[in-house]
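Peer 1: For the sequence shown, our numbering begins at 25 and goes up steadily by one. Attaching a single structure in structure tokens format; questions to follow.
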Amino acid sequence: MLLDSFDWVTIPAGFFWMGTNLEVDQVAAADDWAKLVELPQHKVSLPSYQISRFPVTNAQWVQFLAHSNYPWADRDKLWGHGLPKGQENHPIVWVTWHDAVAFCKWTGVRLPTEAEWEKAARGIDKRLYPWGNHAPTSQLANYDKQVGKTTAVDAYPQGKSYYGLFDMAGNTWEWTSTIWGTDTHNPEFRYPYQADDGRENMDNPDILRVVRSGGWKYTPSLIRCAYRDWNKPHVRGSGLSFRVVAF
Numbered sequence: 025m026l027l028d029s030f031d032w033v034t035i036p037a038g039f040f041w042m043g044t045n046l047e048v049d050q051v052a053a054a055d056d057w058a059k060l061v062e063l064p065q066h067k068v069s070l071p072s073y074q075i076s077r078f079p080v081t082n083a084q085w086v087q088f089l090a091h092s093n094y095p096w097a098d099r100d101k102l103w104g105h106g107l108p109k110g111q112e113n114h115p116i117v118w119v120t121w122h123d124a125v126a127f128c129k130w131t132g133v134r135l136p137t138e139a140e141w142e143k144a145a146r147g148i149d150k151r152l153y154p155w156g157n158h159a160p161t162s163q164l165a166n167y168d169k170q171v172g173k174t175t176a177v178d179a180y181p182q183g184k185s186y187y188g189l190f191d192m193a194g195n196t197w198e199w200t201s202t203i204w205g206t207d208t209h210n211p212e213f214r215y216p217y218q219a220d221d222g223r224e225n226m227d228n229p230d231i232l233r234v235v236r237s238g239g240w241k242y243t244p245s246l247i248r249c250a251y252r253d254w255n256k257p258h259v260r261g262s263g264l265s266f267r268v269v270a271f
């Protein structure tokens with residue numbers, strides 16, 4: 025069963041600090057976008073949950089397609105000759121938010137909220153990056169086109185998060201369940217994060233959704249734990265993937 029193929033990490037119940045403190049994060053302090061969408065830093069308390077240690081891989085996506093008959097729009101264009109050789113353990117990319125939700129429904133899991141994603145990435149010590157507070161290097165993450173494509177999901181053990189998750193910075197952007205809104209320049213739901221204020225409504229198929237993690241193309245400033253951005257739910261890209269949470 026596909027559900028058994030996930031390496032679950034249990035995130036304990038309790039609070040963490042979500043968002044950015046500009047007095048500590050000098051990268052964010054120089055970024056107008058961070059000032060707009062990452063403030064204020066605030067406490068968020070979450071119940072215990074399980075999240076996948078790695079993003080969903082090509083190999084897992086193959087199983088999904090084979091057993092679900094899901095009509096993946098890019099299958100012929102991208103995988104006309106089958107799963108890319110040697111990339112079984114790379115994150116699946118070219119998936120829309122709707123593709124990710126379909127995978128979750130079939131598998132019996134769900135997308136993480138952005139609060140769950142951020143706690144899993146940074147833990148409870150307010151760290152700026154999954155591995156700590158020092159700047160990214162090529163030994164810690166895949167970013168800034170240094171590799172020029174995705175890498176295997178376990179390629180950066182030194183870049184693991186507080187709780188031992190991989191690829192929480194760089195490699196691919198990751199879809200979350202959280203609503204951004206309708207205005208690309210202004211999130212409808214600002215901080216403090218409040219899970220019951222409508223931002224976790226899964227029923228609107230067209231509204232912008234929050235993405236996290238940055239990707240292999242992007243600069244170091246975009247792979248901080250607190251960095252948040254949006255994407256259209258029908259968009260797919262070469263650096264856009266997801267990980268999952270158990271019900």
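No residue lacks a Cβ here, since even glycine has one placed at the ideal position from N, Cα and C.
By DSSP's criteria, Pro115 is part of a beta bridge. Which residues make up the other side?
Peer 2: For the purposes of this step, residue 115 is identified with residue 91 of the sequence shown, where counting begins at 1. For Pro115, which the question treats as bridged, DSSP gives the partners Thr81.
Peer 1: If you follow the alpha helix (DSSP H) that Trp240 is part of, which residue opens it and which one closes it?
Peer 2: Sequence index remark: in the sequence shown, residue 240 carries index 216 (1-based). Trp240 -> no alpha helix (DSSP H), and no H or E assigned at all.
Peer 1: Indicate, with yes or no, if the ligand SAM has a heavy atom lying under 8 Å from the CB of Asp100.
Peer 2: The model on display carries no ligand, and the ligand SAM is accordingly not part of it.
Peer 1: Could you check if Asn82 is buried or exposed, using at least 16 other CB atoms within 10 Å of its CB as the buried criterion?
Peer 2: Looking up residue 82 in the sequence shown gives position 58. Buried.
Peer 1: Can you tell me whether Ala270 is helix, strand or coil according to DSSP?
Peer 2: Translated into the one-based positions of the sequence shown, residue 270 becomes position 246. Strand.
Peer 1: Would you list the residues sitting across from Trp199 in a DSSP beta bridge?
Peer 2: By one-based count along the sequence shown, residue 199 stands at place 175. Beta-bridge pairing links Trp199 to Val235.
Peer 1: Where in the segment 32-92 do unbroken runs of the beta strand (DSSP E), each at least 3 residues long, occur, reported from the N-terminal end onward?
Peer 2: 32-35, 38-42, 66-70 and 73-76
Peer 1: Buried or exposed for Asp98, going by 16 or more other Cβ atoms inside 10 Å?
Peer 2: Position 74 of the sequence shown, counted from the start, is the residue given in the question as residue 98. By the 10 Å Cβ count, Asp98 comes out exposed.
Peer 1: Say whether the segment 60-78 touches the segment 104-112, bearing in mind that this needs 3 or more beta-carbon pairs closer than 8 Å, one atom from each stretch.
Peer 2: The segment 60-78 is not in contact with the segment 104-112.
Peer 1: Return the residue from the list Trp121, Thr196, Asn195 and Thr34 that minimises the CA-CA distance to Arg75.
Peer 2: Your numbering for residue 75 matches position 51 in the sequence shown. It should be noted that the sequence gives Ile, not Arg, for residue 75. Among Trp121, Thr196, Asn195 and Thr34, the Cα nearest to that of Ile75 belongs to Thr34.
Peer 1: In this structure, does DSSP put Asp100 in helix, strand or coil?
Peer 2: Sequence index remark: in the sequence shown, residue 100 carries index 76 (1-based). Of the three classes helix, strand and coil, the one that applies to Asp100 here is helix, per DSSP.
Peer 1: For Thr202 versus Glu224, is the C-beta spacing smaller than 9 Å?
Peer 2: As a position in the sequence shown, residue 202 is number 178, starting the count at 1. As a position in the sequence shown, residue 224 is number 200, starting the count at 1. Taking 9 Å as the Cβ cut-off, Thr202 and Glu224 qualify as a contacting pair.
Peer 1: Mark Ala193 as exposed unless 16 or more other C-beta atoms lie within 10 angstroms of its C-beta, in which case mark it buried.
Peer 2: By one-based count along the sequence shown, residue 193 stands at place 169. That one is buried.
Peer 1: Have a look at Asp49 and Leu152 and give me their C-alpha separation to the nearest angstrom.
Peer 2: Position 25 of the sequence shown holds residue 49. Position 128 of the sequence shown holds residue 152. Each residue's alpha carbon lies about 7 Å from the other.
Peer 1: DSSP three-state label for Asp253, please.
Peer 2: Position 229 of the sequence shown, counted from the first residue, corresponds to residue 253. When DSSP states are grouped into helix, strand and coil, Asp253 belongs to the strand group.
Peer 1: Helix, strand or coil: which one does DSSP assign to Val177?
Peer 2: In the sequence shown, residue 177 corresponds to position 153, counting from 1. Reduced to three states, the DSSP call for Val177 is coil.
Peer 1: Write down the C-beta distance between Trp240 and Asn195 rounded to the nearest angstrom, noting that I regard them as a contact closer than 8 Å.
Peer 2: Here residue 240 refers to the residue found at position 216 when the sequence shown is read from its first residue. Here residue 195 refers to the residue found at position 171 when the sequence shown is read from its first residue. The C-beta separation of Trp240 from Asn195 comes to about 6 Å, placing the pair in contact by the 8 Å criterion.
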